[in-house]
Amino acid sequence: MTSTWKLREWLTLSLALLCLVPMISSAVALIAGAAIANLNLHSRQFNTALWTKKLLAISVVGLGFGIELNTAITLTQNNIGLILSSIVITLVFGWGITRLLGLDKKTGYLIASGTAICGGSAIAATAPSINASNSQASLALAVVFLLNTFALFVFPFFGHLLELTQMQFGIWSAIAIHDTSSVVGAASAYGDEALLVATTLKLARALWIVPLAFFSAWLFKSKDSQFKLPWFIGAYIAVLIFVHFVPQLGELYSAIFFVAKRLLVVCLFFVGFGLSHEGLKRAGSKALLLGLSLWAIISGGSLFYIINS
């Protein structure tokens with residue numbers, strides 16, 4: 001039994017390291033993770049959820065070395081209306097569709113929050129704000145995770161089909177894809193410019209976790225609500241400022257940016273571990289229908305706006 005565990009650990013580590021190779025794409029890494037998980041070949045000694053969070057945080061901060069502060073500010077200012085309207089529309093439609101489907105109110109609200117802002121991070125911040133149970137939060141996370149996985153393949157395909165520019169695709173990814181890991185995964189598959197645009201706008205969107213948490217506590221009349229803003233958002237902003245005032249280390253910044261992109265691929269390899277038949281069953285039909293409906297509304301609406309603006 002011990003030798004089997006060691007073999008699984010060796011296989012998991014080897015494939016994770018292989019994802020650092022530039023020729024391995026985000027989609028390939030995700031499929032590899034899902035494959036060895038469904039074949040029960042991955043190491044169960046790894047806390048994959050913890051490693052995914054850590055790698056994602058480090059990677060996002062590293063991506064900050066690849067964009068100019070002035071560019072980030074301009075991007076955010078030019079798209080603040082789209083960011084705000086997408087959040088409000090998603091929450092309003094989420095509330096209505098939840099009632100229409102007869103889905104549990106808190107579960108529906110968590111799915112809408114994850115769709116509106118930044119997937120798992122928004123759900124993790126909102127759940128304690130409304131005193132949601134572990135089962136309600138887990139159900140919402142399962143739905144968002146499945147749609148995130150789907151987005152990695154669907155968005156680049158439609159981006160090329162519609163001949164979207166790097167800028168257009170970056171904006172679309174940041175607005176319409178839930179989780180930060182999938183946003184950067186899909187955008188990196190499209191191009192470096194799309195990646196930088198998507199990362200900047202996604203983190204600007206993630207800042208709305210704070211007002212969402214307060215609003216959620218008020219809406220559900222939760223007096224002992226709690227929330228935490230992901231630390232990497234502040235670190236990303238700090239990196240942008242540092243690079244702006246110390247531009248002389250350009251080659252080092254480029255190297256860090258490259259490593260950050262590869263770490264994101266490793267992150268998606270670990271994300272693939274959670275993609276299984278059990279995950280589909282856990283999501284549930286009503287919750288999944290809500291997630292798909294909101295995703296279709298926000299994806300289609302934002303794409304129409306971006307193409308015609």
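So for the sequence shown, UniProt numbering puts the first residue at 1; every next one is plus one. Cβ atoms here follow ideal geometry from the backbone N, Cα and C, with glycine treated the same way. If you're wondering where the values come from, they're calculated on a predicted model, not measured in any experiment.
Worksheet item: Does DSSP put TRP208 in a helix, in a strand, or in coil?
Response: Along the sequence shown, read from residue 1 onward, the residue named residue 208 stands at position 208. If DSSP states are grouped into helix, strand and coil, TRP208 belongs with coil.
Worksheet item: Leaving out five residues before and five after GLY170 in sequence, what residues of the same chain have Cβ atoms less than 6 angstroms from its Cβ?
Response: Numbered from 1 along the sequence shown, position 170 holds the residue referred to as residue 170. So the qualifying residues of the chain are ALA187, ALA194, VAL197 and ALA198.
Item to complete: Indicate the three-state DSSP secondary structure (helix, strand or coil) for CYS118 in the structure shown.
Response: The sequence position of residue 118 within the sequence shown is 118, counting from 1. Taken through DSSP and simplified to helix, strand or coil, CYS118 comes out as coil.
Worksheet item: Does the beta carbon of PRO211 sit closer than 7 angstroms to a beta carbon anywhere in chain D?
Response: The displayed structure is made up of one protein chain only, and chain D is not part of it.
Worksheet item: Hey, GLN91 and ALA116 are a contact pair by Cβ (cut 8 angstroms); roughly how many whole angstroms apart?
Response: As a first step, residue 91 must be located in the sequence shown, where it is residue number 91. As a first step, residue 116 must be located in the sequence shown, where it is residue number 116. What sits at residue 91 in the sequence shown is Leu, not Gln. Correct: roughly 5 angstroms between the Cβ atoms.
Discussion item. Within 8 angstroms, do at least three Cβ pairs link the stretch 241 to 258 to the stretch 161 to 178?
Written reply: Cβ pair count under 8 angstroms is below three, so no.
Worksheet item: Which word fits ILE97, buried or exposed, when buried means at least 16 other C-beta atoms lie within 10 angstroms of its C-beta?
Response: Locating residue 97 in the sequence shown gives position 97, where the first residue counts as 1. When all chains shown are included, ILE97 counts as buried.
Discussion item. Quick check on the DSSP output: the alpha helix (DSSP H) that includes ILE67 runs from which residue to which?
Written reply: By one-based count along the sequence shown, residue 67 stands at place 67. Element bounds for ILE67: n/a, residue is neither H nor E.
Item to complete: State the start and end residues of the unbroken alpha helix (DSSP H) segment that holds MET167.
Response: Along the sequence shown, read from residue 1 onward, the residue named residue 167 stands at position 167. From DSSP, the alpha helix (DSSP H) with MET167 extends over 166 to 176.
Item to complete: Could you please give the first and the last residue of the uninterrupted alpha helix (DSSP H) stretch that includes GLY301?
Response: By one-based count along the sequence shown, residue 301 stands at place 301. Note, GLY301: alpha helix (DSSP H), 285 to 308.
Worksheet entry | Same chain, Cβ closer than 6 angstroms to LEU203, neighbours up to 5 away in sequence not counted | Here residue 203 is taken as the residue at index 203 of the sequence shown, counted from 1. Excluding residues within five positions, the ones whose Cβ falls inside 6 angstroms are ILE233 and TYR236.
Worksheet item: What did DSSP end up calling PHE220 once you bin it into helix, strand or coil?
Response: Indexing the sequence shown from 1 puts residue 220 at position 220. Of the three classes helix, strand and coil, the one that applies to PHE220 here is coil, per DSSP.
Practice prompt. Let me know the secondary structure DSSP gives PRO156 once reduced to three states.
Written response: Counting from 1 along the sequence shown, the entry for residue 156 is found at position 156. In this structure, PRO156 counts as helix in the three-state DSSP scheme.
Worksheet item: Could you give the distance in angstroms between the alpha-carbon of LEU263 and the alpha-carbon of CYS118?
Response: Here residue 263 refers to the residue found at position 263 of the sequence shown. Here residue 118 refers to the residue found at position 118 of the sequence shown. Distance between the alpha carbons of LEU263 and CYS118 is about 20 angstroms.
Discussion item. For the pair the stretch 13 to 25 and the stretch 212 to 222, tell me if three or more CB-CB distances fall below 8 angstroms.
Written reply: With the cut-off at 8 angstroms, the stretch 13 to 25 and the stretch 212 to 222 do not touch.
Fill in: Buried or exposed (CB count within 10 angstroms, at least 16 for buried), ARG205
Position 205 of the sequence shown, counted from the first residue, corresponds to residue 205. In the assembly as shown, ARG205 is a buried residue. Its beta-carbon has 16 or more other beta-carbons within 10 Å.
Worksheet entry | Where GLY120 falls, given that 16 or more other Cβ within 10 Å makes a residue buried | Taking the first residue of the sequence shown as 1, we reach residue 120 at position 120. So GLY120 counts as buried.
Discussion item. Short of 8 angstroms in beta carbon distance, which residues of its chain neighbour SER59, apart from the five on each side in sequence? Order them along the chain.
Written reply: On the sequence shown, residue 59 is found 59 positions in, with the first residue counted as 1. These residues qualify, in order along the chain: VAL184, ALA260, LYS261, LEU263, LEU264 and CYS267.
Worksheet entry | Cβ neighbour criterion (16 or more within 10 Å) applied to GLN77 | Stepping through the sequence shown from its first residue, residue 77 is reached at position 77. GLN77 comes out exposed.
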